[in-house]
Structures are given as structure tokens and as C-alpha cells.
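Be aware that the sequence shown starts at 11, since it is given in this note's numbering, and climbs by one per residue.
Positions of the beta carbon are idealized from the N, C-alpha and C atoms, including for glycine.
Computed from a predicted structure; not experimentally measured.
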Amino acid sequence: MYPEHPSHAPAERAVEVHQPTPITPAAVTPAPLVPVQPGHVPAVASVVLPDGRVVTGYAIDPTRPEPVTAKPAVSRAAVNVALGGVGFLAVCGGLLLLTTFITALTALITQLITLAAVIFGGWIAVQVFSASSRQGGTTVNIRKAVFKRSHFHG
């Protein structure tokens, strides 16, 4: 301890006593009633404090977060875009086949028309040339003819 100062004699020391002031509780209001599901009684828990007091009450279950649903590895938007691309490619392939078919059909019709023109033209040529070959040219039959002064009287 500290050495005593000579001016302070033991009789002069005053003893101070501090008494704690009790805290009066405020107006006690009853605790709100916790709604209990039928058939389910919550567990009662008791806790012993360091000073020996016992506090008893209902155990409150901590709120649990809702389970997080597992997200798929690929988003739905990506799947929709991919399916749209596949559909677009199928349509383009179909259109390509359709245009190829129309082109082939046009070529076939053109060839048929050309073939018909060649055959019909050949038939006409055969008719014309066979008629003239039968006659053998221009035939003039001269019977009794009188030529007078460069005039023909037949």
C-alpha cells in the first residue's frame, strides 16, 4: 500500500459506504402469447444465471432460410436461343431445298418445251420437204400450143 502521509492521522480518515440502489421494475406487462399449432407444444428451457437465479421460457427456433433451389448449369434463355437457332437452321435448310426444287423444276419445264419445239419443228420440216420431193419440182404440161407473136395461147 501507499505510505501514509504524516499530516493524515488515522483518526481523521472518513469511511464512505456505498449502498446499491435497487432498480424497481417497470409496470409488468404480461408477455404476448405465442400462437401454438394444435398438437405442438414448444419446449420449455431453463437457464441458470451466474448469481443463482433461474430464468425459464420457451425455446425459440431460429428462423431457417428457405432452401435454395439448385440452378441448372445452363440458363433457360440460353436453351431457348439454341433451340431457336436449330429451328431457324431447319427452316433455312427447307427453304434451300425448296428453291433447289423450284430451280430443277424450271429447268425440266424449259427442256421439255425445247424438246417439244424441236420435235414439232422437225415434223413440220419433214412435211414440207416430203411434199416437194414427191412432185419433183414444177411440172408444166404443154399440149398443142400456138405461139403467135411472142404470145402464148393455150
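Query                                                                                                     : Result
Three-state secondary structure (DSSP) of G67                                                             : strand
A55 - containing beta strand (DSSP E), residue span                                                       : V54 to V58
Top-ranked residue by Cα proximity to T66, from W133, V57 and G132                                        : V57
C-beta neighbour in chain D for G62, strict 8 angstroms                                                   : Among the protein chains of the structure shown there is no chain D, as only one such chain exists.
Of the listed residues Y68, T109 and F139, nearest to A53 (C-alpha basis)                                 : Y68
Close Cβ partners of T109 (< 8 angstroms) along its chain, the five nearest in sequence each way excluded : none
Through-space distance from A92 to T116, alpha-carbon basis                                               : 36 angstroms
Alpha-carbon to alpha-carbon, L105 and I129                                                               : 36 angstroms
Through-space distance from V64 to V78, alpha-carbon basis                                                : 40 angstroms
Which of helix, strand or coil DSSP assigns to S140                                                       : helix
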